[in-house]
Amino acid sequence: MIGVMPDDVSRVPLPAVVLATRVVVMLPAVGVAELIAPVQVLIQEGLRAFSLPATGARPGELRAVFAARGCFGVHDVRDIAQARQAIAEGAEFASSLGAPQAVDLLVAAEVPTLVGALTPGEVARAWADPVSAVQVVPAGVFGNSYAAHLVALLPDIALTTRGADSSYEARVWLAAGARAVFVADKLLGDSIGGGDLAGLRLRARPYLEAALTGDNETLRHESAQSV
1 MIGVMPDDVS
11 RVPLPAVVLA
21 TRVVVMLPAV
31 GVAELIAPVQ
41 VLIQEGLRAF
51 SLPATGARPG
61 ELRAVFAARG
71 CFGVHDVRDI
81 AQARQAIAEG
91 AEFASSLGAP
101 QAVDLLVAAE
111 VPTLVGALTP
121 GEVARAWADP
131 VSAVQVVPAG
141 VFGNSYAAHL
151 VALLPDIALT
161 TRGADSSYEA
171 RVWLAAGARA
181 VFVADKLLGD
191 SIGGGDLAGL
201 RLRARPYLEA
211 ALTGDNETLR
221 HESAQSV
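In this text, residue positions in the sequence shown follow my numbering: the first is 1, and each later residue adds one.
(1) Assuming LEU142 is part of the alpha helix (DSSP H), what are its boundary residues?
(2) Should VAL227 be labelled buried (16 or more other beta-carbon atoms within 10 Å of its own) or exposed?
(3) Find out if the Cβ-Cβ distance for the pair ALA88, GLY73 is shorter than 7 Å.
(4) Give a yes or no on contact between the stretch 25-36 and the stretch 125-141, applying the rule of three or more CB pairs nearer than 8 Å.
(5) What number of angstroms, rounded off, separates the C-alpha of ARG69 from the C-alpha of ILE43?
(6) Is DSSP giving SER167 helix, strand or coil here?
(7) Once the 5 residues before and after ARG48 are set aside, which same chain residues still bring their CB inside 7 Å of it?
(8) With distances taken between CB atoms, is the gap from VAL103 to LEU154 smaller than 7 Å?
(9) Please give the ranges of any alpha helix (DSSP H) in the stretch 101-132, keeping only runs that are unbroken, at least 4 residues long and fully inside the region.
(10) Take the Cβ of ALA81 as the centre, count every other Cβ of all protein chains shown within 10 Å, and call the residue buried at 16 or more, exposed below.
(11) Taking all protein chains shown into account, do 16 or more other C-beta atoms lie within 10 angstroms of the C-beta of ASP165, making it buried, or fewer, making it exposed?
(12) Is the beta carbon of VAL24 closer than 7 Å to that of ALA180?
(13) Rounding to the nearest angstrom, what Cα-Cα distance links GLU169 and VAL65 in this structure?
(14) Under three-state DSSP, which class holds ARG22?
(15) Decide if ARG125 is buried, meaning its Cβ has at least 16 other Cβ atoms within 10 Å, or exposed.
(16) Going along the chain, which residues of its own chain have a beta-carbon closer than 7 Å to the beta-carbon of VAL39, five neighbours each way excluded?
(17) Between the Cα of TYR146 and those of PRO120, SER167, ALA158 and ILE157, spot the shortest distance and give me the residue it belongs to.
(18) Less than 8 Å between the CB atoms is what I'm expecting for GLY143 and GLY116, so what's the real figure, rounded?
(19) Helix, strand or coil, according to DSSP, for PRO15 in the structure here?
(20) Give the straight-line distance between the Cα atoms of GLY199 and GLY193, rounded to the nearest whole angstrom.
(21) Can you give me the Cβ contacts of ALA54 inside the same chain, cut-off strictly under 6 Å, excluding the 5 residues immediately before and after it?
(22) Am I right that ARG205 and GLU45 are in contact with their C-beta atoms under 8 Å? What's the rounded C-beta distance?
(23) So PHE167 and ALA210 are supposed to be a Cβ contact under 8 Å. How far apart are they, rounded?
(24) If you run the structure through DSSP and keep just helix, strand and coil, what is GLY199?
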C-alpha cells in the first residue's frame, strides 16, 4: 500500500445524488434542446447525475427544466474563466484534468471538485489537495485488473473514473470501490438530437444494475484477476 498521510484535509463531499446513483452521464457539447429528451429518459430509468462540457450547455439551463430531478455538473474545466462560469451557473460538481488555478477557485467556492490522475503516485498527489475526489482517467488504459489493484493500494482515497465506458467496466470499478463512474458514448449511442430513445432506455438498465450491484464480491474477485 502506498503511504498516504492521514486525511485531515477539509473536503466538500460529492453530491448525494452522485453517491447514490454512482453513474454520471457525460453529455456532449450540443444545445440544451437536443439534450432534454435523452436526459428525461435517463432520469426515468434512474440515472440522475449528468456532467456537461465546460464549453457547452450550462447546468443552470438543464436545472431550469428538470429542477431537483437531476444533478448537473461540468467537466473539462481548463481555466479560471470556465471555473467562474461553472460557479455562476451553480454547477453541483466540476471536474478538471489539471488546471490548478481553476481547481483552487472551485474548491474555494465549495463546489465539489474532481481532479484527474492515472497512476497511483499521481492519484496520491492529487488527493493531497482539498478536492472531493480523484478521477482516474483514462480508467480503461491498464485493463480491468487495475481497478482492484489501485483501490487496494489507496483504499482511503475517494476515486471516480472516466474512460471505462461499458456497463461491465463500470461494474468492475464500482465493485472495486470507486464512488462513481463517468460514462458517455457507449451509453448515449445515437440518442442525442432526435436519435433512438428506446435504445437509450435499454442501454441505461445495465448501468443502473451495475450501480446497484457494484459491491458484489464475485465481481471484485474478477476485476482483480482479469487482464
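Glycine is no exception: its CB is placed at the ideal position from the N, C-alpha and C atoms.
The structure says:
(1) The residue you asked about is not Leu; residue 142 is Phe in the sequence shown. Counting along the chain, PHE142 falls outside any alpha helix (DSSP H), and DSSP gives it neither H nor E.
(2) Note that VAL227 scores 31 on pLDDT, short of 50, meaning its location in the model is unreliable; the coordinates nonetheless yield the value given after this. Exposed.
(3) no
(4) no
(5) 7 Å
(6) Note: SER167 maps to helix in three-state DSSP.
(7) VAL17, THR21, ARG69, GLY70 and CYS71
(8) no
(9) 120-127
(10) exposed
(11) buried
(12) yes
(13) In this structure, the straight-line span from the alpha carbon of GLU169 to that of VAL65 is close to 31 Å.
(14) coil
(15) If you draw a 10 Å sphere on the C-beta of ARG125, you find fewer than 16 other C-beta atoms in it, and that means exposed.
(16) PHE50, LEU62, PHE66 and GLY70
(17) PRO120
(18) At roughly 19 Å, the Cβ-Cβ gap does not stay under 8 Å, so GLY143 and GLY116 are not in contact.
(19) PRO15 carries a coil assignment under DSSP once its states are collapsed to helix, strand and coil.
(20) 14 Å
(21) VAL74, ASP76, VAL77 and GLN82
(22) 6 Å
(23) Sequence inspection shows Ser at residue 167; the Phe mentioned does not correspond to that position. Contact holds; Cβ gap of about 5 Å.
(24) helix
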